[in-house]
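Per my numbering, the sequence shown starts with residue 154, numbered consecutively.
Virtual Cβ for every residue (Gly too), placed ideally from N, Cα, C.
Have a look at the structure below before the remarks.
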Amino acid sequence: MIQNSEYIDLLSNSPLTKRQLAVYRYGTKGARPKIYLQASLHADETPGMLVLYHLNHLLKKAEQENNIIGEIVLVPVANPIGLGQILNGNLVGRYELSGKGNFNRAWPDLYLETVPCLEGKLTQNPEKNVNIIRQTIDEILKKQKITNELNALKLSLLKLAFDADFVFDLHCDDDALMHLFLIPDHWPAAQDLACDIHSQAVLLCADSGGHSFDEALSTLWSKLAQTFPNYPIPAACMAGTIEYRGQTDVDDNLAHQDAIRLFNFMQRRFIIKGIPPPLPKPLCEATDLAACDVLRSPIAGIVCYKHSLGSIIHQGDLVAEIIQPHLLDLQIREPIYSNTTGLLLSKRQHKMVRPGDTIAKIVGKETLSYRHGLLLED
């Protein structure tokens, strides 16, 4: 058995301050399958932290009963930097306030450094290739220089996760239903995950354009397989982002149920001993992320919605109106119409909006011509 917990110090950006990552480990180091879970990389997205709090307790009990087969690594608070960013009494956890941008963008592109290191090393054995690639990534990460606190955070998290068979980054949306982001290479293999967590949408994209944490680990394998077509390279890291509804969906009982669902998945994938309950029926089909209609406000004002979350919206339907409260004419409203037919997945929690703000997402089935480049919100 490995030591249950450890604390990783991050390089401090200012004198007499220190931030740490708390890491919890279960099972035997090097055992397979390995699963890595982290929560709240966007530090103001609280639901995932509570889910991993409950999962931690379930795993502790499982370990005491000698039921851990693989290796499990949990980071319940993945962003202590963002968690400390309080501005006028409000937690600002999505962006690094010194100007380094979105915490879940611009992660290192491991593919670029891995390719030249693999020349002449790959074999016709897929398992051997997986080991060779993981060893190569390990060597690359060990050579990286830590230059600042954010860089230290990113490298620390990558070192914990890069060799896992499963990597789940727990987030939440503004006001939303449960949903899941994956690359196409992991579908339908990940359908059991979608069913276990009761996901109401599965959004697939080979490269969303933002260099997010999960794609830094998943797309690497897809790109290597394309670069070395004469060698069998499996999609060895099922990395995805799980969106635990909306920011206000922080409930003790709900988080405990979500933790049980992750635990069931781990049993289903033989990471933990035991017989999981029957797999729940799927609540959705997987769809292309480019088919998700992202509606934005063209003006500043108050957004007033015409439908509730989970509603089926048809192309051309009025989804919301933007009201400018300073105008006397009650008839002047800016209508926002749907460009597709599908599930109303998310809405905006704060109803005062500015031009360009996302006000809703609708999960369609047909790709939309305007959806290209950066498919994620910044």
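- A231 has its alpha-carbon roughly 8 Å from the corresponding atom of A196.
- Around the beta-carbon of N282, 16 or more other beta-carbon atoms lie within 10 Å, marking it buried.
- Inclusion of D322 and Q191 in the CB contact set at 8 Å is warranted, their separation being smaller than that value.
- About 14 Å separates the CB atoms of T380 and A359; that is not less than 8 Å, and the two are not in contact.
- For R398, the enclosing beta strand (DSSP E) begins and ends at 391–399.
- Runs of beta strand (DSSP E) with 3 or more residues, each lying fully within the region 453–509, are found at 454–458, 471–476, 486–490, 495–500, listed in chain order.
- Per the coordinates, the alpha-carbon of I515 lies some 44 Å from the alpha-carbon of N219.
- Beta-bridge analysis with DSSP links L528 to no other residue.
- Residue pairing from DSSP leaves I286 without any beta-bridge partner.
- Per DSSP, reduced to three states, the secondary structure at S158 is strand.
- Judged by beta-carbon spacing, Y264 lies beyond the 8 Å limit of L448, meaning their Cβ atoms are not closer than that value.
- DSSP, reduced to helix, strand and coil, places T181 outside both helices and strands of the structure shown, so it counts as coil.
- Within the same chain, and ignoring the five residues on either side of G526 in sequence, the residues whose Cβ sits closer than 7 Å to its Cβ are G362.
- Just measuring C-alpha positions, the residue of L236, K214, S165, S158 sitting nearest Y177 is S158.
- The beta carbon of Q502 lies closer than 8 Å to those of D327, D328, G399, Q400, T401 in the same chain, with the five residues before and after it left out.
- By the neighbour-count criterion, in which 16 or more other beta carbons inside 10 Å mark a residue as buried, C437 falls on the buried side.
- In the DSSP assignment, the residues bridged to H332 are E396.
- Between the beta-carbon of G517 and that of T494 there is about 6 Å, and that keeps the pair under the 8 Å contact cut.
- Contact between the region 181–191 and the region 306–320 is established, with three or more Cβ pairs separated by less than 8 Å.
- By the neighbour-count criterion, in which 16 or more other beta carbons inside 10 Å mark a residue as buried, F418 falls on the buried side.
- When C-beta atoms of the region 460–475 are compared with those of the region 483–493, three or more pairs fall below 8 Å, so the two segments count as touching.
- For T170, no alpha helix (DSSP H) run applies, since DSSP gives it neither H nor E.
- Fully enclosed beta strand (DSSP E) runs of no fewer than 3 residues occupy 319–326, 332–335, 355–357 of the region 314–361, in order along the chain.
- Looking only at A184, T276, V204, the smallest Cα-Cα distance to P387 is reached by T276.
- With a contact defined as Cβ atoms closer than 8 Å, A389 and V320 miss out at about 11 Å.
- Exclusion of the five residues before and after Q477 leaves G454 as the residues of its chain whose Cβ lies within less than 6 Å of its Cβ.
- Distances from the CA of Q410 to each of V226, E530, H207, P433 were compared; the closest alpha carbon is that of H207.
- H210 and I489 have their C-alpha atoms some 45 Å from each other.
- Residue pairing of A192 in beta bridges, as defined by DSSP: L323.
- The Cβ-Cβ distance between V355 and L335 falls below 8 Å.
- In this structure, L163 places its C-beta atom within 8 Å of the C-beta atom of S309.
- Under DSSP, L244 takes part in a beta bridge, and its partners are I239.
- Secondary structure at C437: coil, using DSSP grouped into helix, strand and coil.
- Between R172 and I234, the CB-CB gap stays under 8 Å.
- For the pair S365 and Q217, the Cα-to-Cα distance works out to about 35 Å.
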